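Data block below; observations after.
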Amino acid sequence: MGDYSEWDCARVQQWLRDIGLEEYTDTFKNHKIDGNVLSMLNETDLREKPLCMSVLGDIKRLSKELDSLKKGLSPLKIEPTPQREIKKMELVRRRISQIPELFNSKVGSYSHNMLERYEHILPSILTAKLWQPDERWISSVVKLAASALYLFFSIFCTSFVMMLCHERVPDTVLYPPLPDIVLDNLPHIPWAFKVAEIIVFILASILVFDVIFHAHRMIILRRFCAITGSIFMLRCVTMFVTSLSVPGKHLSSDCKKMSDGFGDWDAKLSRAWTIASGLGLSVAGVTTCGDYMFSGHSSILTLLNFFINEYTPYSWKGLHVISWCLNMFGMFFVLAAHEHYTLDVICAFYISSRMFMHYHQLANIHHVVQKNAERERIRSWFPMFSFLESETEGIVPYEFEYPWTPLFGEKANHVTSPYTTKKSKKKRKTSSGTPIESL
Numbered sequence: 009m010g011d012y013s014e015w016d017c018a019r020v021q022q023w024l025r026d027i028g029l030e031e032y033t034d035t036f037k038n039h040k041i042d043g044n045v046l047s048m049l050n051e052t053d054l055r056e057k058p059l060c061m062s063v064l065g066d067i068k069r070l071s072k073e074l075d076s077l078k079k080g081l082s083p084l085k086i087e088p089t090p091q092r093e094i095k096k097m098e099l100v101r102r103r104i105s106q107i108p109e110l111f112n113s114k115v116g117s118y119s120h121n122m123l124e125r126y127e128h129i130l131p132s133i134l135t136a137k138l139w140q141p142d143e144r145w146i147s148s149v150v151k152l153a154a155s156a157l158y159l160f161f162s163i164f165c166t167s168f169v170m171m172l173c174h175e176r177v178p179d180t181v182l183y184p185p186l187p188d189i190v191l192d193n194l195p196h197i198p199w200a201f202k203v204a205e206i207i208v209f210i211l212a213s214i215l216v217f218d219v220i221f222h223a224h225r226m227i228i229l230r231r232f233c234a235i236t237g238s239i240f241m242l243r244c245v246t247m248f249v250t251s252l253s254v255p256g257k258h259l260s261s262d263c264k265k266m267s268d269g270f271g272d273w274d275a276k277l278s279r280a281w282t283i284a285s286g287l288g289l290s291v292a293g294v295t296t297c298g299d300y301m302f303s304g305h306s307s308i309l310t311l312l313n314f315f316i317n318e319y320t321p322y323s324w325k326g327l328h329v330i331s332w333c334l335n336m337f338g339m340f341f342v343l344a345a346h347e348h349y350t351l352d353v354i355c356a357f358y359i360s361s362r363m364f365m366h367y368h369q370l371a372n373i374h375h376v377v378q379k380n381a382e383r384e385r386i387r388s389w390f391p392m393f394s395f396l397e398s399e400t401e402g403i404v405p406y407e408f409e410y411p412w413t414p415l416f417g418e419k420a421n422h423v424t425s426p427y428t429t430k431k432s433k434k435k436r437k438t439s440s441g442t443p444i445e446s447l
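Okay, here's the thing in structure tokens:
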């Protein structure tokens with residue numbers, strides 16, 4: 009049919025005759041509606057002045073034909089079923105609710121009229137193919153493997169630094185525990201640290217269950233590896249630069265033995281491997297001293313909580329409340345065990361939550377950055393982020409599927425945004441494939 013936006017008024021009138029709505033040719037002629045104007049019409053324009061179409065059937069038929077033109081389809085081709093269009097509209101509303109700042113309205117309060125009102129801002133929102141098979145599964149595997157290796161490397165580095173911190177722990181006789189308003193008023197509970205680790209296992213199990221059924225599991229896994237690895241690499245520095253005295257007297261005997269050293273480098277590496285293989289958990293037989301700034305247990309508790317809240321629907325409020333309660337109780341039990349100072353726990357929560365939020369904020373909006381200088385700045389400052397998120401666009405939706413769906417399915421590997429401009433769509437991915445709809 010060519011580019012209908014270049015039609016003149018006579019061609020638009022001929023098009024009306026072709027689709028059986030010749031009674032409106034004079035109206036369109038009087039209002040000088042050419043192809044360019046036709047491309048901006050919507051159902052509201054047809055109902056209101058000056059067109060004032062009053063026959064509902066004609067309004068719906070003409071709206072349907074206009075949608076066909078916008079999709080680049082022939083008016084004689086069969087359109088999707090009404091049920092399919094309803095499902096598509098629901099997904100569009102859900103996507104819009106994820107960017108409420110664009111509409112200056114509360115989440116979930118968008119009516120059909122509001123969608124029409126902002127149709128000129130997002131001209132392709134009702135017609136765009138919301139998903140593209142834009143990332144080959146091998147690319148997703150490479151990214152996940154890279155992020156997993158980064159996490160394993162950071163865990164081993166953390167374990168090695170913990171071993172060095174053990175040797176540098178201050179003498180418990182000369183340097184008693186520092187004053188701490190919480191620890192000074194909270195009696196030591198011997199079993200509290202094990203309870204905190206049990207809570208870690210509970211939150212981890214919830215997240216694993218969520219990842220198994222989530223349609224975008226590969227994105228979640230590599231983001232978890234990247235964020236966790238970065239936090240533990242930062243922890244390597246903060247643990248080593250300043251050695252704090254042990255926070256509890258019950259640690260004095262164990263820490264005194266460790267401060268005597270672990271022998272040659274083979275013994276040191278063996279000790280580091282023991283810590284890494286046990287993930288630093290006391291239930292795995294790992295005893296640590298000197299690794300106080302900041303709390304690794306509190307960091308993991310916070311990250312698990314935030315990932316559960318981020319990748320489950322807003323309507324699952326019960327799960328979110330449980331997750332937050334477990335996070336808070338877990339950090340309380342870390343303090344009750346006198347394994348960390350209160351400052352360690354506060355810093356762990358703040359650093360982990362900020363790292364999570366800043367990463368996801370940048371991941372959700374980086375694809376709309378238009379200036380090349382800004383894109384280069386992101387690549388320069390965050391090379392790993394640019395690599396892992398290069399083929400994801402927009403917010404990860406709440407979509408679930410059965411676990412026997414292929415692990416490396418197209419949804420599991422990537423996210424595309426319905427708000428991407430035509431220019432950015434052309435540059436979106438390097439991999440090829442026939443576009444399909446996932447509705």
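Residue numbers for the sequence shown follow the numbering used here, beginning at 9 and rising by one.
Glycine included, each C-beta is placed from N, C-alpha and C at the ideal position.
The model shown is predicted, which means the values in this text are computed figures rather than measured ones.
- Short of 6 Å from the beta carbon of Met241, and not among the five residues preceding or following it, lie these beta carbons of its own chain, in chain order: Ser162.
- Per DSSP, reduced to three states, the secondary structure at Phe217 is helical.
- Here the C-alpha atom of Tyr406 lies approximately 20 Å from the C-alpha atom of Trp332.
- In the DSSP annotation of this structure, Ile197 is not part of any alpha helix (DSSP H), being labelled neither H nor E.
- As computed with DSSP, His222 is found in a beta bridge with Phe408.
- Straight across, the Cα-Cα distance linking Thr400 with Tyr322 is about 22 Å.
- Counting other Cβ atoms within 10 Å of its Cβ, Asn44 stays below 16 and is therefore classed as exposed.
- With a 10 Å radius around the Cβ and a threshold of 16 neighbouring Cβ atoms, Gly338 comes out buried.
- As the crow flies, the alpha-carbon of Val20 is around 12 Å from that of Leu70.
- Taking a C-beta distance under 8 Å as the contact criterion, Glu382 and Pro255 do not qualify as a contact pair.
- Where Cys355 is concerned, the enclosing alpha helix (DSSP H) starts and stops at Thr350 to Ile373.
- Distances from the CA of Phe168 to each of Arg176, Ala284, Pro185 and Ile207 were compared; the closest alpha carbon is that of Ala284.
- Here Ser360 is not near Leu396, since their CB atoms are 8 Å or more apart.
- Counting C-beta pairs with one atom in each stretch, the segment 298–318 and the segment 170–183 have three or more that are closer than 8 Å, which means they touch.
- The alpha-carbon separation between Ser290 and Ile214 amounts to approximately 21 Å.
- Given a length threshold of 4 residues, each whole run of the alpha helix (DSSP H) inside the segment 29–74 is given here in chain order: 33–38, 43–46 and 51–55.
- Here Trp15 carries a coil assignment [DSSP, helix/strand/coil].
- The alpha-carbon of Phe36 is positioned some 17 Å away from that of Lys68.
- Closest in C-alpha terms to Ala156, from the list His222, Pro184 and Cys233, comes Cys233.
- Straight through space, the alpha carbons of Lys151 and His39 are spaced by roughly 55 Å.
- Around Phe302, the same chain offers Arg243, Thr246, Asp352, Cys355, Ala356 and Ile359 as residues with beta carbons nearer than 7 Å, after the five sequence neighbours per side are excluded.
- In the structure shown, the three-state DSSP call for Glu175 is helix.
- Less than 8 Å separates the beta-carbon of His196 from that of His258.
- In the structure shown, Phe302 adopts coil according to DSSP, grouped into three states.
- For the 8 Å CB-CB criterion, Leu191 and Leu343 form a contact.
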